[in-house]
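Note that the protein sequences, when read in sequence, are chains A and B. Oh and the first sequence: position 21 is 7 in this note's numbering, straight run, nothing missing. Oh and the second sequence: position 58 is 376 in this note's numbering, straight run, nothing missing. The next block holds one structure in the form of structure tokens; read it before the comments.
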Amino acid sequence: DIQMTQSPSTLSASVGDRVTITCRASQSISSWLAWYQQKPGKAPKLLIYDASSLESGVPSRFSGSGSGTEFTLTISSLQPDDFATYYCQQYNSYSVFGQGTKVEIK
Amino acid sequence: QLQLQESGPGLVKPSETLSLTCTVSGGSISSSSYYWGWIRQPPGKGLEWIGSIYYSGSTYYNPSLKSRVTISVDTSKNQFSLKLSSVTAADTAVYYCARHSYYYDSSGYKGLSWFDPWGQGTLVTVSS
């Protein structure tokens, strides 16, 4: 089974900060990775697919990179609406999500 | 605009079967371009994929849940359903339905990919 490990688990940041979240796979998953944003009481929202493709309608301050086993989600300038929990999902073999990274206000 | 809505009992007794339905509106569940999936999230925890179905009835299940899960589709009603048997308190979660895309890689292998959009989710509590 492929395991997905996100780091950090919690991240404290301020509006305007550049934020990077890392997702590591236990084996190579090529570029078969997506990123989601989830706010309390809401369903996850797709941000990035195929590791680096921005979903339509998602602000360009979000970007994804990586391949193989290491991936990053970057928010270039954190906005008030971006405080949320972020999940990665590998789909190289079935679907497995990371444990999540909570981005909170510093 | 495609929308999905989960429905079903919010309380299920231990050892019984959890049953949920997802109704798709604003698009056809018979689209050849997508699967339809179930994902759950225990309170305060992360996301777990349960399984997905194609309009033809072809299914993929999470191996860790496969022995207890049945997903079915009713194209006439534009719905798909989840049954999870022999539930315990560990099955207490918010259950989401979502459209599940798929891809073909360079070798022709078909794999399921990302989920979008999602339903709003429904909390199912397992308790006597």
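The C-beta atom is built at its ideal place from N, Cα and C for all residues, glycine as well. Since this is a predicted model, take the numbers as computed values, not measurements.
8 Å Cβ cutoff, residue i in contact with chain A
i                      : result
residue 380 of chain B : yes
residue 345 of chain B : no
According to DSSP, residues forming a beta bridge with residue i
i                      : result
residue 369 of chain B : B:356, B:379
residue 115 of chain A : For residue 115 of chain A there is no data in the structure shown, the boundaries of chain A being -13 and 92.
residue 83 of chain A  : A:75
residue -7 of chain A  : A:8
residue 325 of chain B : B:339
residue 20 of chain A  : A:75
residue -12 of chain A : Residue -12 of chain A pairs with nothing; no bridge assigned.
residue -1 of chain A  : A:91
residue 50 of chain A  : A:59
residue 34 of chain A  : A:21, A:40
residue 436 of chain B : B:416
residue 441 of chain B : B:412
Under 8 Å by beta carbon: chain A residues contacting residue i
i                      : result
residue 436 of chain B : 29, 30, 31
residue 320 of chain B : Going along chain A, no residue has its Cβ under 8 Å from residue 320 of chain B, so there is no contact; the nearest lies around 13 Å.
residue 364 of chain B : 73, 83, 84, 85, 86
Candidates the options: closest to residue i by CA position
i                      : options                    : result
residue 33 of chain A  : A:92, A:13, A:75, A:-3     : A:75
residue 84 of chain A  : A:41, A:47, A:57           : A:57
residue 55 of chain A  : A:-1, A:11, A:6            : A:11
residue 377 of chain B : B:353, B:365, B:330        : B:353
residue 323 of chain B : B:414, B:391, B:331        : B:414
residue 69 of chain A  : A:25, A:13, A:21           : A:25
residue 373 of chain B : B:364, B:386, B:345        : B:345
residue 81 of chain A  : B:342, B:330, B:356        : B:356
residue -8 of chain A  : A:86, A:13, A:-1           : A:86
residue 71 of chain A  : A:-10, A:-11, A:-3         : A:-3
residue 382 of chain B : B:371, B:366, B:391, B:397 : B:366
residue 397 of chain B : B:412, B:370, B:408, B:420 : B:370
residue 385 of chain B : B:393, B:368, B:395, B:421 : B:368
residue 7 of chain A   : A:-5, A:27, A:63, A:0      : A:-5
residue 90 of chain A  : A:77, A:45, A:64, A:16     : A:64
residue 402 of chain B : B:389, B:359, B:347, B:329 : B:389
residue 442 of chain B : B:404, B:380, B:328, B:358 : B:328
residue 342 of chain B : B:427, B:445, B:418        : B:418
is_contact[residue i, chain B] using C-beta, thresh 8 Å
i                     : result
residue 72 of chain A : no
residue 54 of chain A : no
residue 85 of chain A : yes
Contacts of residue i in chain A (Cβ-Cβ under 9 Å)
i                      : result
residue 356 of chain B : Under the 9 Å cutoff, chain A gives no residues; its nearest Cβ is about 11 Å from residue 356 of chain B.
residue 439 of chain B : 27, 28, 29
Closer than 8 Å at the beta carbon, the chain B residues around residue i
i                     : result
residue 41 of chain A : 434
Residues that residue i contacts on chain A, provided the C-beta gap is smaller than 7 Å
i                      : result
residue 338 of chain B : Correct list: empty, because the minimum Cβ distance to chain A is about 15 Å.
residue 373 of chain B : By Cβ distance, chain A contributes nothing, its closest Cβ being about 19 Å from residue 373 of chain B, past 7 Å.
residue 413 of chain B : Under the 7 Å cutoff, chain A gives no residues; its nearest Cβ is about 11 Å from residue 413 of chain B.
residue 426 of chain B : Ordered by position in chain A, no residue passes the 7 Å Cβ test against residue 426 of chain B, which lies about 15 Å from the chain.
Contact list for residue i against chain B, beta-carbon separation under 7 Å
i                     : result
residue 81 of chain A : 367, 430
Closer than 9 Å at the beta carbon, the chain B residues around residue i
i                     : result
residue 20 of chain A : 431, 432, 433, 434
Minimum length 3: unbroken beta strand (DSSP E) runs contained in the region 377 to 430 of chain B: Counting whole runs of 3 or more residues, the region 377 to 430 of chain B contains the beta strand (DSSP E) stretches 377 to 379, 387 to 392, 397 to 402, 411 to 422.
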